[in-house]
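There are 4 protein chains.
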Amino acid sequence: MSTRPPPDATRRSERARRAILTAAVDLVAEVGYANLTIEAIAARAGVGKQTIYRWWRSKGAVVFDGFLFRQEVGGDITLPDTGDLRADLTTLLRSTIDDLVDPRVEAPYRALNAEIQHDPQLASDLVDHLLGPLLEATRQRLRSAQRAGQIAADVDLNLAVELLYGPIYHRWLLRTAPLTAGYAEALAALVLRALGTGSST
Amino acid sequence: MSTRPPPDATRRSERARRAILTAAVDLVAEVGYANLTIEAIAARAGVGKQTIYRWWRSKGAVVFDGFLFRQEVGGDITLPDTGDLRADLTTLLRSTIDDLVDPRVEAPYRALNAEIQHDPQLASDLVDHLLGPLLEATRQRLRSAQRAGQIAADVDLNLAVELLYGPIYHRWLLRTAPLTAGYAEALAALVLRALGTGSST
Amino acid sequence: MSTRPPPDATRRSERARRAILTAAVDLVAEVGYANLTIEAIAARAGVGKQTIYRWWRSKGAVVFDGFLFRQEVGGDITLPDTGDLRADLTTLLRSTIDDLVDPRVEAPYRALNAEIQHDPQLASDLVDHLLGPLLEATRQRLRSAQRAGQIAADVDLNLAVELLYGPIYHRWLLRTAPLTAGYAEALAALVLRALGTGSST
Amino acid sequence: MSTRPPPDATRRSERARRAILTAAVDLVAEVGYANLTIEAIAARAGVGKQTIYRWWRSKGAVVFDGFLFRQEVGGDITLPDTGDLRADLTTLLRSTIDDLVDPRVEAPYRALNAEIQHDPQLASDLVDHLLGPLLEATRQRLRSAQRAGQIAADVDLNLAVELLYGPIYHRWLLRTAPLTAGYAEALAALVLRALGTGSST
DNA sequence: TAGTAACCGAGACGGTACGTCTCGTCTTTAC
DNA sequence: GTAAAGACGAGACGTACCGTCTCGGTTACTA
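As given, the protein sequences belong to chains A, B, C and D, one line each in that order.
Add 26 to a position in the first sequence, counting from 1, and you land on the number used in my numbering.
Add 26 to a position in the second sequence, counting from 1, and you land on the number used in my numbering.
Add 26 to a position in the third sequence, counting from 1, and you land on the number used in my numbering.
Add 26 to a position in the fourth sequence, counting from 1, and you land on the number used in my numbering.
Here you go:
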């Protein structure tokens, strides 16, 4: 019973890494996650299969890293904070929906959501590194509104965040109905009634 | 290019059908959806592989039918309607959560939610036949409350339903935090504030 | 452990039998023996598969019966006996070769020769019912020549028959060289030297 | 429509090749050619099926190579040449018959003879690589006898070779009668009369 | 500046499962 | 009870990928 030595990351080929991640993201968009194979990634990347197996634990891990890699270029998340809570939330939900219906995002993101169902490790990676920043930023915006008295003091902000994104997620994953800009508005309005102080906002 | 003739359903073996569905549901719980194979289902069911391929289009379709088959025995959905909306919704969400954390439900249901991401046909089957009745029943309960003046007349009940289930679904699928009875209560309370007429209920 | 009762031949459908045998012979010529299936025979004959399995033991048996069935029309074998042994044998070998290179005979006959290698029962059927009459007739012609003093008295006529057909069979099965009319002549001449009395013929 | 690249023979596993050929020859003797499957060969050889499909075009090709492989060990063919033609030919035919009735040879060799009926490529391989050397050696022995005046100068030696082996082949393939040592003697004697110069030898 | 150790591309390997095909049996309905 | 029809259990087919395992060949540290 011997454990292989961990690969020496200092010798890692950056060229190969980039080629693999790019190939993975491209392929998942072309053929879907289910039809994506390590073999195809290796071929497209011009890389030996072993180079993939050496550095990633699973197909899901490669694709996930591919996502992060693509995200890296796109800068940080900054949420609008105009002071007008309703407007800010509506904008936020609208852009969330815009993202989800963008085909370049939809396909791979659905794949990820499928994959995390049988890979808890991947799920926590997703939540920590991809979703986390957005959820945290949303929480921050709500906290600022709460301090400004626009949101009742007793509201659990974690729950509030889920109240915002949960319905969208529900509709998107189950495809029960189309996601539209109007939906974002209606949802924001309804959630605000839940969070509000009761005073007129 | 010829399409095969559809099999003659009148000659279909009920024995084989039951064995296959039972084997599928059992196996998906034992080994998980990703590790489930048609060959294993056929072997467990004592059935030729062709008999599965003859009647189902995919692994997902078999598992889905397996679910429906198991559901058939369990009777119809009836939601509590005591007149106390808050109590009724809390009960409803609590039992939803109980279901989702029950390991016998969780494993195969996660599998289904993964599968529908790359099979829209299966998604619509799921929504129509498994989820549909529950969502519709929930809508009915809310409508009755709306008529009773407990819910504002301008509230879109489809949205209201998503406000109830979305957060749970979000938390369950992404595993951002544990689902507890307390969560059901807090969620019901918050949603009620969104739906309420503003008058004390 | 129960043996099925033998089928009642009096109820047998002559129409089905003819259709099956005809289909079998036609198909073996079209697709070759290896690619011939019971299913295809049944389909072509407009017959249930069970009807074939009821009356024949194997694919080989059907094809063989098909041959016999086609032969039935073709009358008895009569060999030339002009008194000129050399001429008669040359004619005989020539017509044998003509048969073997006729594509309508070649394909199915090769199939049969292949099949008998792993079906001794079929081999003995072939020798008894298809080849036997020709071999026996040849033996008779040689016997008459032996009585006339054209063949040495000590010659084993079974061996003599094999000396005639063996080389042709060898060349035909192994495709070592083409079978021509000239070959028939040369072979007949050489064999005659083996059989001869030594006196001038 | 793309053709797969030819495998890189330099990387080929000799261990796998030997195991496959041995398994193929053994199995064909045990279960017969018709019941021989690629899967069984792979299983017996402890080899993946793909390794067989990578290097051979068909089941027949594997079995044929198996024969060649077994032959390789048993060195070259050397025919007796004592000067006594009758004795030498009798010995030759006798050992030919001994081979053909040896069960270890009979089963796979029958299989090959069946297979070449619907695979001309295999037929020519068989004649060139397995039978060829023996036929050529026999021709050489006869040529030496012809030069020594023991065989008439006008005899076609190709035909003479067929006169020797054809009858044995005929009897062996059709199973018309048993092959014995006495048969070898009688056949050799008769053929010699065909080949002889007419003078007493 | 030679050696050497790790990674690299490539691809054969032992396997598993795929979805298709055909087998020979079983079951149903019609005659 | 035979016949046509066709679903059934069984299992081999040839393919696609899996994850592991050699192979040379770079490539970058070490002596």
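The beta carbon of each residue, even a glycine, is placed where N, CA and C say it ideally should be.
What residues in its chain sit with their C-beta under 7 Å from that of residue i, if we drop five residues either side in the sequence?
i, result
"B:Ala214", "Arg112, Leu115, Thr116 and Leu119"
"D:Trp198", "Leu126 and Leu205"
"B:Asp107", "Asp114, Arg167 and Ser170"
"C:Glu65", "Lys75"
"A:Ala45", "Ala71, Gly72 and Val73"
"A:Glu141", "Tyr59, Gly86 and Leu148"
"B:Leu47", "Asp91, Gly92 and Phe95"
"C:Asp151", "Phe90"
"B:Ala203", "Arg197"
Just to check, is the beta-carbon of residue i closer than 7 Å to a non-hydrogen atom of the ligand HEM?
i, result
"A:Asp107", "In terms of ligand content, the structure shown is empty, and the ligand HEM therefore cannot be addressed."
Among residues of its own chain, excluding the 5 on either side of residue i, which ones have a beta-carbon nearer than 6 Å to its beta-carbon?
i, result
"B:Ala137", "Val54 and Tyr59"
"D:Arg219", "none"
"A:Ile123", "Leu205 and Ala210"
"A:Ser84", "none"
"A:Ser226", "Residue placement at A:Ser226 is flagged as unreliable, the pLDDT there being 47, under the threshold of 50; the coordinate-derived value follows with that caveat. For A:Ser226, where only same-chain residues beyond five positions count, there are no Cβ hits under 6 Å."
"D:Ala35", "none"
Taking the CB atoms as reference points, tell me whether residue i and residue j lie closer together than 8 Å.
i, j, result
"C:Ala42", "C:Thr77", "yes"
"C:Ile67", "C:Ala163", "no"
"B:Asn139", "A:Gln176", "no"
"D:Leu105", "D:Arg167", "yes"
"B:Val187", "B:Arg173", "no"
"A:Leu185", "B:Pro193", "yes"
"A:Phe90", "A:Leu148", "yes"
"D:Pro33", "D:Trp81", "yes"
"A:Ala87", "A:Arg70", "no"
"D:Ala178", "D:Gly109", "no"
"A:Ala212", "B:Asp180", "no"
"C:Tyr195", "D:Tyr191", "no"
"B:Leu62", "A:Leu189", "no"
"D:Arg201", "C:Pro146", "yes"
To which residues of the same chain is residue i closer than 8 Å at the C-beta, ignoring the five residues directly before and after it?
i, result
"B:Leu216", "none"
"A:Val131", "Asp125"
"C:Asp52", "Arg70"
"D:Ala207", "Arg120 and Ile123"
"A:Ser39", "Thr77"
"C:Tyr79", "Ile64"
"C:Tyr135", "Leu126"
"D:Val23", "Examination of residue 23 of chain D is not possible in this model, given that chain D is present from 27 through 227 alone."
Unbroken alpha helix (DSSP H) runs of length 4 or more, entirely within the region 112-144 of chain D: which are they? 129-141
Does the structure place the region 86-98 of chain C close enough to the region 153-170 of chain C that three or more beta carbon pairs sit under 8 Å? yes
Along the chain, which unbroken stretches of the beta strand (DSSP E) at least 3 residues long are found entirely within the region 162-209 of chain C? none
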